[in-house]
Ligand SMILES: *Cc1c(COP(=O)(O)O)cnc(C)c1O
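Now the structure itself:
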């Protein structure tokens, strides 16, 4: 169709003259391609794009340039070939697990993992005839035994685990899983997109909601792996239709420009405050990766360069003291999530897993006084003062 000067105003508003930017004069940030459809000149070329025979875009549910740029960045940071960016971390987990499993498959998961991951496996996948075995992530001999007992499609793990910061032995787990022909899927949210790439992980999953911007204004998730694994997942992802939207991808691309500065500053502050809590008489079982000389501390230092912003500990006086502590904090918001530039606290009442057996609860490691902190970018001295006064105040009943 012609779009020359002869168009009527009515037609012109539908087909405005486009503004081209020259290749030697590009914008510094990628534009937001807030756009669903792409034109093609010939039908044949459109068909080739649809079949994936040439680069190009056709429909934004399948691919969008702003989203593609975020996906490329994340794949490179994680050290893999491809990435799919989706609407939330939970969506990334659900789609990856549904995409990789078939009826009668068996998978292995761990009691220490993120609650909704357990629910996806136990409630959703079970409906489609996928069975599972739940173990403690410390139980390497149990893992070996279960893998030897029957064919297993995949092992779904996390490190550090949310909420109690357990470190999984990635070298040992990937070796035993692969020896038995199982894939390793790692929810790497807490470690971030720049860590663990050197391990033989088949698929990384991230909640981008946590660290993409630090401002807590956007949700998203990512699935990252090599082309062979992503090829299996891509058709399903197109049909689930939960691709991240271009506006959010744009906000995240800008957020990632400060990712390393934020992640490392928050990690340094968290290490300092974890040391403070570990010396405090009201705090037991302070868990921060890289803190301490036990096997977990050594494993964290061997596997990670930066240890993240999450600290978990038990208030010695239990649930009510934990609640008082959380309510006396002034700089920490009582709120879900972690990774934001504001510090956050999850009281024991919000962390209790509901659907676990007593044995699984023991493995999950969440006690009556367990508290999760996320350390932000406030002054470290003021955060320490705040923790000290709230611990003091938590000892007096209110
Ligand atoms: C938060 C979180 C998720 C879920 O992410 P959403 O973006 O909130 O859906 C998944 N896994 C882990 C480990 C998380 O911490």
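Numbering (the working numbering), first residue to last: 125 to 522.
The C-beta atom is built at its ideal place from N, Cα and C for all residues, glycine as well.
Bear in mind the structure is a predicted one, so any value in this text is a computation, not a measurement.
Report task. Measure the Cβ-Cβ separation of residue 462 and residue 468 and say whether it is below 8 Å. Result -> Yes. Within cutoff.
Report task. Tell me, please, which residues DSSP counts as bridged to residue 206. Result -> Beta-bridge pairing links residue 206 to 349.
Query - Any non-hydrogen atom of ligand 1 within 7 Å of residue 362 CB - result: For residue 362, the distance from the CB to the nearest heavy atom of ligand 1 is not below 7 Å.
Query - 6 Å Cβ shell around residue 525 - same chain, five flanking residues per side excluded - result: With the chain covering 125 to 522 only, the question about residue 525 has no answer from this structure.
Query raised in the report: For residue 500 versus residue 387, is the C-beta spacing smaller than 8 Å?
Result: No, they are not a contact pair.
Query raised in the report: When every heavy atom of ligand 2 is checked, does at least one fall within less than 7 Å of the C-beta of residue 340?
Result: By its list of ligands, the structure shown excludes ligand 2, since it contains just ligand 1.
Query raised in the report: Where do the ends of the beta strand (DSSP E) carrying residue 447 lie?
Result: Counting along the chain, residue 447 sits inside no beta strand (DSSP E); it lies in the alpha helix (DSSP H) bounded by residues 443–452.
Query raised in the report: So residue 270 is in the alpha helix (DSSP H); what residue range does that whole segment cover?
Result: Note, residue 270: alpha helix (DSSP H), 264–273.
Report task. Examine the Cβ distances between the region 352–359 and the region 332–339 and report whether three or more of them are shorter than 8 Å. Result -> Contact between the region 352–359 and the region 332–339 is not established, with fewer than three Cβ pairs separated by less than 8 Å.
Query raised in the report: Enumerated in chain order, which unbroken segments of the alpha helix (DSSP H) with a length of 4 residues or greater are wholly contained in the region 436–509?
Result: For the region 436–509, whole alpha helix (DSSP H) runs of length 4 or above, ordered along the chain, are 443–452, 472–475, 482–488.
Query raised in the report: Taking 7 Å as the line, does the beta carbon of residue 214 fall inside it for any heavy atom of ligand 1?
Result: Checking every heavy atom of ligand 1 against the Cβ of residue 214, one is found closer than 7 Å.
Query raised in the report: residue 333: beta carbon under 7 Å from a heavy atom of ligand 1?
Result: Result yes, Cβ under 7 Å from ligand 1.
Report task. Measure the alpha-carbon distance for residue 211 versus residue 188 and round it to whole angstroms. Result -> As the crow flies, the alpha-carbon of residue 211 is around 14 Å from that of residue 188.
Requested in this report: Could you check how far apart the C-beta atoms of residue 472 and residue 432 are, in whole angstroms? I think they sit under 8 Å.
Outcome: Not confirmed; about 21 Å, so no contact.
**Report entry** Rounded straight-line distance, which links the Cα of residue 359 to that of residue 279
**Finding:** Taking the straight line joining both Cα atoms gives about 22 Å.
Query raised in the report: What do you reckon, is the C-beta of residue 383 under 7 Å from a heavy atom of ligand 1?
Result: The answer is no for residue 383.
Query raised in the report: Just checking, does the region 366–375 make contact with the region 414–432 on the three C-beta pairs under 8 Å criterion?
Result: Contact between the region 366–375 and the region 414–432 is absent, with fewer than three C-beta pairs closer than 8 Å.
Query - Cβ distance (whole Å) where residue 285 is taken to contact residue 261 below 8 Å - result: About 7 Å; that satisfies the 8 Å criterion.
Report task. Go ahead and pull the three-state DSSP assignment for residue 300. Result -> If DSSP states are grouped into helix, strand and coil, residue 300 belongs with the helices.
Query raised in the report: Since residue 494 contacts residue 438 with CB under 8 Å, what's their CB separation in whole angstroms?
Result: Contact between residue 494 and residue 438 holds: CB atoms are separated by about 5 Å, below the 8 Å threshold.
**Report entry** First and last residue of the uninterrupted alpha helix (DSSP H) at residue 167
**Finding:** For residue 167, the enclosing alpha helix (DSSP H) stretches over residues 167–174.
Report task. Would you mind giving the Cβ-Cβ distance between residue 235 and residue 484, rounded to the nearest angstrom? I have them listed as a contact below 8 Å. Result -> With 8 Å as the limit, residue 235 and residue 484 qualify as a contact, their Cβ atoms being about 4 Å apart.
Query raised in the report: With a cut-off of 8 Å, do at least 3 Cβ pairs link the region 220–234 to the region 187–205?
Result: Touching, no, given that fewer than three Cβ pairs across the two stretches are closer than 8 Å.
Requested in this report: Check whether the Cβ atoms of residue 174 and residue 182 sit closer than 8 Å, and answer yes or no.
Outcome: For residue 174 and residue 182, yes; Cβs fall inside 8 Å.
**Report entry** Cα-Cα separation between residue 400 and residue 272, rounded to whole angstroms
**Finding:** The straight-line gap from Cα to Cα measures roughly 44 Å.
Requested in this report: Compute the Euclidean distance between the alpha carbons of residue 311 and residue 282, then round it to the nearest angstrom.
Outcome: Residue 311 and residue 282 have their C-alpha atoms some 5 Å from each other.
Query raised in the report: Between residue 425 and the rest of its own chain, which residues show a CB-CB distance below 7 Å, the 5 nearest in sequence each way excluded?
Result: Scanning its chain for C-beta atoms nearer than 7 Å, with the 5 sequence neighbours on each side dropped, one finds around residue 425 the residues 414, in chain order.
Query - Supposed contact pair residue 320 and residue 201 - C-beta distance, whole angstroms, cut 8 Å - result: Between residue 201 and residue 320 the beta-carbon gap is near 11 Å, outside 8 Å, which marks them as no contact.
Requested in this report: State yes or no: is the C-beta of residue 238 nearer than 7 Å to some heavy atom of ligand 1?
Outcome: Residue 238 Cβ: within cutoff of ligand 1.
Query raised in the report: Hey, residue 376 and residue 344: beta-carbon distance below 8 Å or not?
Result: Yes, the Cβ-Cβ distance between residue 376 and residue 344 is below 8 Å.
Query raised in the report: Can you tell me whether DSSP reads residue 412 as helix, strand or coil?
Result: Coil.
Report task. Look at the alpha carbon of residue 179 and the alpha carbon of residue 170, and state the distance between them as a whole number of angstroms. Result -> Looking at the two C-alpha atoms, the distance is approximately 11 Å.
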